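Position one of the sequence shown corresponds to residue 12 (our numbering), numbered consecutively onward.
All C-beta atoms in this analysis are idealised placements derived from N, C-alpha and C, irrespective of residue type, glycine included.
It should be emphasised that the depicted structure is a prediction, and the values quoted were computed from it without experimental measurement.
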Amino acid sequence: MSNVLSIRIYRSSNALSCSSSSRTQPDNWRLKFANQPPSLQISQNCSLRSSRHQGLESSQHHRKGQRRGRQNILVTHAGEEGVEGEETPMPVEAGGTRVIVVTSGKGGVGKTTTTSNIGVSIARLGYRVGLLDADIGLRNLDLLLGLENRVLYTGMEVLDGECRLEQALIRDKRWRNLALLCISKNRQRYNVTRSNMEELTNMMMELGFHYILVDCPAGIDIGFVNAIASAKEALVVTTPEITSIRDADRVAGLLEANGIYDVKLIVNRVRADMIAKNDMMSVKDVQEMLGIPLLGAIPEDTNVIISTNRGEPLVLRKKLTLSGIAFENAARRLVGKKDYLIDLTTPYKSLMQRMKEFVVGE
């Protein structure tokens, strides 16, 4: 009778907690264990019958522990590239998954940038976040997240039964509780209907996502109508330009006509120096013109181009810029946490500029 090696795994009730010593330094986030990691005990039995019996008990106990342990893991950020997180323990609230559409009406105001940065920021807070790229003809959300080479299946293959939703969802390697779903790769907009969008959204809700952010295409045509089909909330992104404000006002009216009353405003590409010279409308002026509650004001930042080319959102940079901090604060307010708006009334001045003013006496 040969010796059989059986392995017993005893799972302890570990709780992972996420802490940050500084809100503006994401690289300081670390894992903190409440207890020691699960212990692994290896015992060697000479009896084949006892080893089979004990191995069966071990596998049953391990499977039960896995089912229980799925709800007891929290995602944390180690601030290093390639570190993978786990699922979050936060249960879906009584109101269910929050489906939020990010729209504007006018193109080029920063909808996709807002979707990626706010989505990543919410995921860093420990929530399951699903990003749905509804811009079928010109999808770019995968580029901003650095996931363009991993798009194998899309939502249309899921609807046609060619793959499962889990296969089409692209999990971010930096944050395992963040997933991206592209609707289509090469199909036209009229191939996707409202019922298709509602079906995909309902399937994602069944997976237990806390937040689903829908990146809406520009305009108010059929792509816009399909994108807002399942949304209950909306983020209207605009810039302090009169053309963008007029389009945002039109979109806000259409959202209300479709039963979406929880609408928040994000003013993007704000320049404090132009506001001081009265060459640009202030954030307060934009808010008063639209009559929408303000969620955040994002300053103009040249690092947006750099982060887009690198496929890394601004909020994941080791040294956060002012716009990255503004996106983080907007995400915290979106999930219900209290945070202040960044003061954009005073133009930013570098150290050399301040020294020059001190010497000259300006």
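Using only the alpha-carbon positions, how far apart do residue i and residue j sit?
i, j, result
"Thr108", "Leu152", "21 angstroms"
"Val370", "Asp284", "22 angstroms"
"Lys288", "Glu252", "15 angstroms"
"Thr126", "Gly141", "11 angstroms"
"Met291", "Asn188", "39 angstroms"
"Arg280", "Leu163", "34 angstroms"
"Glu168", "Leu155", "23 angstroms"
"Met216", "Gly130", "16 angstroms"
"Gly90", "Ile316", "With a pLDDT of 33 at Gly90, under the threshold of 50, the modelled position of this residue cannot be trusted; read the value that follows with caution. Going by the C-alpha atoms only, they are around 22 angstroms apart."
"Asp258", "Gly307", "19 angstroms"
"Val225", "Ala242", "8 angstroms"
"Ile111", "Ser132", "15 angstroms"
"Leu301", "Leu276", "9 angstroms"
"Asn160", "Lys348", "35 angstroms"
"Ala145", "Leu176", "16 angstroms"
"Gly270", "Glu209", "15 angstroms"
"Arg321", "Leu158", "11 angstroms"
"Leu333", "Asp171", "44 angstroms"
"Lys295", "Val278", "10 angstroms"
"Lys330", "Asn202", "43 angstroms"
"Val346", "Gly137", "11 angstroms"
"Cys7", "Leu180", "Absent from the structure is residue 7, since the part of the chain shown begins at 12 and ends at 373."
"Gln364", "Asn314", "20 angstroms"
"Leu191", "Ser293", "34 angstroms"
"Ala268", "Tyr351", "31 angstroms"
"Asp260", "Gly219", "33 angstroms"
"Leu149", "Met366", "46 angstroms"
"Met214", "Ile256", "34 angstroms"
"Asn340", "Gly264", "27 angstroms"
"Thr123", "Glu368", "39 angstroms"
Check whether the Cβ atoms of residue i and residue j lie closer than 8 angstroms to each other.
i, j, result
"Glu299", "Asp273", "no"
"Cys227", "Thr114", "yes"
"Leu266", "Ile239", "yes"
"Ile353", "Ala342", "no"
"Ser195", "Ile147", "yes"
"Val247", "Val262", "yes"
"Val297", "Thr249", "yes"
"Glu311", "Arg282", "yes"
"His221", "Arg139", "yes"
"Leu327", "Arg185", "yes"
"Thr212", "Cys193", "no"
"Pro324", "Asn128", "yes"
"Ile223", "Leu143", "yes"
"Gly116", "Ile231", "yes"
"Gly118", "Ala229", "yes"
Tell me, please, which residues DSSP counts as bridged to residue i.
i, result
"Arg182", "Ala190"
"Glu244", "Ile111 and Asp273"
"Thr249", "Val278"
"Asp144", "Cys193 and Asp226"
Between which two residues does the alpha helix (DSSP H) harbouring residue i extend?
i, result
"Ala287", "Ala283 to Ala287"
"Leu306", "Leu306 -> not in any alpha helix (DSSP H); beta strand (DSSP E) instead, spanning Leu305 to Pro310."
"Phe220", "Unbroken run through Phe220: none, as it is neither H nor E."
"Ser334", "Leu333 to Leu345"
"Ser318", "Asn314 to Arg321"
"Gly166", "Gly166 to Leu170"
"Thr204", "Counting along the chain, Thr204 falls outside any alpha helix (DSSP H), and DSSP gives it neither H nor E."
"Asn128", "Lys122 to Arg135"
"Gly234", "Ile233 to Ala238"
"Val350", "Looking at the sequence itself, residue 350 is Asp, so the reference to Val does not match. No alpha helix (DSSP H) contains Asp350, which DSSP labels as neither H nor E."
"Met300", "Val294 to Leu301"
"Asp153", "Leu152 to Leu156"
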